[in-house]
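Just below is one structure, and these are the notes that go with it.
There are 2 protein chains.
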Amino acid sequence: MLNFTVGPVMSCEDVIEVANHSTPYFRTPEFSALMLENEKLMLEFLHAPAGSRCVFLTSSGTGAMESMVMNILNGDDRVIVVNGGSFGQRFVELCALHHRDYTEIKLPFGRTLKPEHLAPLAGQGYTALLVNMHETSSGVLYDMPMIAEFCKQNGILLLVDAISAFLADELDMEALGAAAVITGSQKALAVQPGIAVAALAPAALERIDRNPEVCMYLSLKEALVNGVRGQTPFTPAVMTLLQIHRRLTMIRDSGGPKAEHERIKATAEAFRAGIADLPLKCFSETQSNAVTALMPAGKNAKEIFRVLKDEYGIWICPNGGVWADEVFRVGHIGHITKEDNQALLDALHELQERKIL
Amino acid sequence: MLNFTVGPVMSCEDVIEVANHSTPYFRTPEFSALMLENEKLMLEFLHAPAGSRCVFLTSSGTGAMESMVMNILNGDDRVIVVNGGSFGQRFVELCALHHRDYTEIKLPFGRTLKPEHLAPLAGQGYTALLVNMHETSSGVLYDMPMIAEFCKQNGILLLVDAISAFLADELDMEALGAAAVITGSQKALAVQPGIAVAALAPAALERIDRNPEVCMYLSLKEALVNGVRGQTPFTPAVMTLLQIHRRLTMIRDSGGPKAEHERIKATAEAFRAGIADLPLKCFSETQSNAVTALMPAGKNAKEIFRVLKDEYGIWICPNGGVWADEVFRVGHIGHITKEDNQALLDALHELQERKIL
């Protein structure tokens with residue numbers, strides 16, 4: 000199967016090979032050394048400021064989102080949440096569940112955040128802002144420099160979900176002044192799902208140290224303490240961490256994150272050029288390189304997903320909820336070759352001839 | 000490397016092969032069908048009572064331990080915790096963190112629970128009991144029928160951590176009247192780490208439904224709702240779940256859990272017979288088939304671990320904390336052949352000649 004979802008995505012042969020063994024024992028100096036290198040490379044790739052740390056949780060991205068809300072924020076915070084889709088809504092629900100005092104900026108699905116949304120919240124005593132840099136459900140990439148500037152001017156802690164943006168879109172933690180950035184193993188890192196990554200700048204570390212523990216399993220404090228010696232408090236998804244190591248060193252040795260970002264951008268642009276003649280409307284006001292969200296004119300998105308899966312051996316990414324029949328997404332992350340991209344374009348053109356698209 | 004730890008353990012070729020691919024997309028009817036079969040087989044293997052459900056969390060075993068404390072128990076419970084080692088201590092810490100009213104039965108390390116420990120707690124209004132069926136840190140297997148009888152007589156909800164006992168020791172959820180049993184992917188299931196499994200009898204399901212949500216990521220309510228259609232609320236460790244499916248169907252097709260249990264028991268017995276002439280003291284008052292905890296007479300346990308790793312290509316399982324220099328453990332779970340067992344016995348005898356053991 001060819002996989003054009005937004006994750007889990009296709010892995011390259013070198014990464015797959017890592018998991019083609021029994022899982023090694025991990026309470027060893029050898030595994031610790033590898034984990035310390037994972038931390039170092041992640042911080043480098045994110046341009047994290049001096050004194051930052053990075054931890055690896057055995058969880059989905061949602062586990063890392065919740066760990067930020069539980070460990071970095073507390074009941075005294077006043078939080079702005081940008082809610083432009085399923086993942087913004089998840090931050091809203093997490094703030095409600097953990098009794099964080101929050102104000103939601105609710106955007107119409109597919110629309111981006113503009114300065115006029117933030118302006119009324121300036122100087123109002125807000126202390127933190129939660130944003131999904133790329134709202135994966137709608138394909139919208141938010142204007143991070145604009146958001147970062149607002150946070151700097153208002154002394155607001157910036158917490159970034161970059162789960163599907165890391166490596167796909169430009170991301171400089173220090174330039175943004177972000178206190179925390181999270182990502183996941185199955186997006187542009189392009190390894191198995193099972194690991195979420197949290198990079199923490201000193202401003203976040205200081206809060207984690209000070210805040211009371213809410214949940215042992217998702218405790219960033221425990222993860223940080225164990226991470227000093229390259230270990231995790233609980234048995235981690237070892238194979239996924241080994242694959243992350245292989246992938247990070249491969250990226251380092253082939254041009255770094257900038258080259259990876261350019262590769263993904265080129266894949267996205269080739270796809271977008273290739274569908275220009277198809278009756279597909281780009282759904283997102285601003286686009287991430289990670290994904291293209293599309294609205295087929297008068298055709299059913301779920302049916303297009305099904306036919307591509309069952310008849311062409313191609314997965315695209317269906318949408319859930321109220322947009323399930325109207326929107327589908329095509330991912331540009333993972334090990335996608337030019338030939339793979341062309342195979343999808345050919346299939347979509349054939350669907351047009353068959354009047355399914 | 001030969002791996003005789005208590006997890007992650009060695010996997011058979013068929014299971015390894017499952018991960019030797021890119022991760023498939025999982026929001027599909029195909030993956031749902033596989034997950035529903037995973038649930039069905041787990042409940043069968045555990046002899047779960049009618050109306051039980053089983054969910055799969057992307058976490059370590061500790062995630063499932065905490066999910067029981069958060070989702071099944073509440074602030075009105077009065078909880079007995081059997082604490083005979085690191086994992087009993089973890090339940091104590093989880094109860095403290097989540098403000099559960101608990102009483103700890105603290106056992107000396109390596110000793111088992113006896114009726115006289117429980118007797119004073121009868122008729123005292125306790126509502127729940129947390130126990131690590133096999134206290135993995137000390138190798139002690141508790142007398143589960145005795146504990147179950149106490150719980151039945153006193154109307155106490157029995158919550159069982161069988162993380163390292165499942166498939167290794169006899170376990171009949173219905174006979175025990177257990178409300179919940181948890182296990183993990185990297186123990187006798189012998190696949191990659193990354194997934195914890197929670198089997199929930201109606202008594203637990205009713206409480207989960209009634210209790211307020213404490214944590215979104217570890218919510219059993221969310222897992223149960225999504226599990227009805229064979230899905231998970233968040234992106235799971237897909238490869239580990241596919242490996243679990245391969246392994247469960249292999250066990251089903253080769254004699255079921257009883258045959259698996261007999262195989263592990265035979266491996267343990269062969270090892271124990273083979274070390275009878277060595278200066279090693281069995282450390283556990285009662286033994287699980289999953290592991291043998293050993294105390295080398297006058298030699299350093301950590302050094303034995305190191306030499307076996309660096310010079311023989313064999314991992315045994317070191318102990319942490321205050322017992323690190325005095326106790327090591329040998330696991331009998333995972334894909335261990337007779338030849339593997341013999342290789343370890345030969346190495347241990349050579350260490351004796353070299354006066355390291």
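Going down the list, the protein sequences come from chains A and B.
Mapped onto numbering that gives the first Met the number 0, the consecutive letters of the first sequence carry residue numbers 0 to 356.
Mapped onto numbering that gives the first Met the number 0, the consecutive letters of the second sequence carry residue numbers 0 to 356.
From the three backbone atoms N, C-alpha and C, an ideal C-beta is built for every residue, glycine too.
Item: SER253(B) burial status per 10 Å Cβ neighbour count (16 or more: buried); Value: exposed
Item: Endpoints, alpha helix (DSSP H) assigned at CYS11(A); Value: Taken as a continuous stretch (DSSP letters only), CYS11(A) belongs to no alpha helix (DSSP H), as it is neither H nor E.
Item: Within chain B, partners of ARG26(A) - CB distance below 7 angstroms; Value: PRO317
Item: Residue ranges of each alpha helix (DSSP H) within the segment 199–242 of chain A, 4 or longer; Value: 201–209 and 219–226
Item: Short Cβ contact (8 angstroms threshold) for ALA300(A) with ALA275(A); Value: no
Item: Contiguous beta strand (DSSP E) assignments of at least 3 residues, all confined to the segment 238–283 of chain B; Value: 279–281
Item: Residues that ASN19(A) contacts on chain B, provided the C-beta gap is smaller than 9 angstroms; Value: ILE15, GLU16, ALA18 and ASN19
Item: Pair within 8 angstroms by beta-carbon distance, LEU199(B) and SER66(B); Value: no
Item: Beta-bridge pairing of ALA197(A) - partner residues as DSSP gives them; Value: VAL54(A) and ILE181(A)
Item: MET238(A): contacting residues in chain B (beta-carbon distance under 8 angstroms); Value: ALA18, GLN191, PRO192, GLY193 and MET238
Item: Interface partners of GLU65(B) on chain A, CB under 8 angstroms; Value: CYS214, MET215 and TYR216
Item: Amino acids of chain A, ordered along the chain, whose beta-carbon sits closer than 7 angstroms to that of TRP314(B); Value: TYR24
Item: Interface residues of chain B facing LYS308(A) [CB-CB closer than 8 angstroms]; Value: THR27
Item: Bridge-paired residues (DSSP) for ASN2(A); Value: TRP314(A)
Item: Sequence-distant residues of the same chain with beta carbon closer than 6 angstroms to ASN82(B), five excluded per side; Value: GLN88, VAL91, GLU103 and LYS105
Item: Pick from ASN37(A), THR4(A) and TYR311(A) that is closest to GLY138(A), judged by C-alpha positions; Value: THR4(A)
Item: Test item: CB-CB of ALA292(B) and ARG251(B) under 8 angstroms; Value: no
Item: CB contact below 8 angstroms: ASN82(B) versus chain A; Value: no
Item: ILE15(B) beta carbon less than 8 angstroms from that of SER10(A); Value: no
Item: Spatially closest choice to SER58(B) from TYR101(B), GLN191(B), PRO107(B) and MET145(B), by CA coordinates; Value: GLN191(B)
Item: Where VAL290(B) falls, given that 16 or more other Cβ within 10 Å makes a residue buried; Value: buried
Item: Rounded separation between PHE25(A) and ALA18(B) - CA only; Value: 19 angstroms
Item: DSSP-derived helix/strand/coil call for LYS151(A); Value: helix
Item: Contact with chain A by GLY428(B), beta-carbon distance below 8 angstroms; Value: Look at the range of chain B in this structure, 0 to 356, and you will see that residue 428(B) is not part of it.
Item: is_contact[SER58(B), chain A] using C-beta, thresh 8 angstroms; Value: yes
Item: Nearest-angstrom beta carbon gap, GLY229(A) and MET34(A) [assumed within contact, 8 angstroms]; Value: 4 angstroms
Item: Complete beta strand (DSSP E) runs within the segment 40–103 of chain A (minimum length 3 residues, chain order); Value: 52–56 and 77–82
Item: Distance CB(LYS298(A))-CB(LEU343(A)) smaller than 8 angstroms; Value: no
Item: Against chain E: residues of the segment 90–107 of chain B by CB proximity under 8 angstroms; Value: Structure shown: chain E not included; protein chains present are A and B.
Item: Check whether LEU247(B) and LEU40(B) have beta carbons under 8 angstroms apart; Value: yes
Item: Of the residues GLU148(B), GLU212(B), ALA167(B) and GLU261(B), the one placed nearest THR182(B), counting alpha carbons only; Value: ALA167(B)
Item: Interface flag, MET132(A) vs chain B, CB-CB below 8 angstroms; Value: no
Item: Residues of the segment 171–184 of chain B whose Cβ lies closer than 8 angstroms to any Cβ of chain A, in chain order; Value: GLY183
Item: Check whether ALA164(A) and MET215(A) have beta carbons under 8 angstroms apart; Value: no
Item: Chain A contacts from the segment 218–238 of chain B (Cβ-Cβ distance under 8 angstroms); Value: PRO232, PHE233, THR234, PRO235, ALA236, VAL237 and MET238
Item: Span separating the alpha-carbon of ASP76(A) from that of ASP100(A); Value: 6 angstroms
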